[in-house]
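The block underneath contains the structure these notes are about, expressed in structure tokens.
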Amino acid sequence: MKEAVEGREYVIREIRTDDEELNAFLFSLGCYSGERITVISRRRGGCTVSIKDGRYSIDNQLAEAILV
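Just so you know, we're using the numbering used here here: the sequence shown kicks off at 187 and counts up by one.
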């Protein structure tokens, strides 16, 4: 997600993390392989993304775990 372009829709290929708690949190947001995700905006510490019907602010650690 770190290199994703604002306003473009992507399909999540993989969630790459060894942290089960982080993985469970992302899954609870609807963020898992095959799901569509759009970067709404970027900021220094992270970005705002749209997943399903929700908008979420995620930090760079979360963004790095999402592979598109």
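Glycine included, each C-beta is placed from N, C-alpha and C at the ideal position. Since we're looking at a predicted model, the values are computed, not measured.
Buried/exposed call for residue i, threshold 16 Cβ in 10 Å
i	result
VAL225	buried
Range covered by the alpha helix (DSSP H) that runs through residue i
i	result
SER214	206-214
GLU250	246-251
Residue range of the unbroken beta strand (DSSP E) whose run includes residue i
i	result
CYS233	232-237
ARG222	222-229
GLU195	195-197
Residue i vs residue j beta-carbon contact at 7 Å
i	j	result
ARG222	VAL197	yes
The stretch 192-203 contacting the stretch 236-253, beta-carbon criterion three pairs below 8 Å | Result yes; three or more Cβ-Cβ pairs closer than 8 Å.
Inter-stretch contact (C-beta, 8 Å, three-pair minimum) for the stretch 211-223 and the stretch 232-247 = Taking 8 Å as the limit for Cβ pairs, the verdict is that the stretch 232-247 does touch the stretch 211-223.
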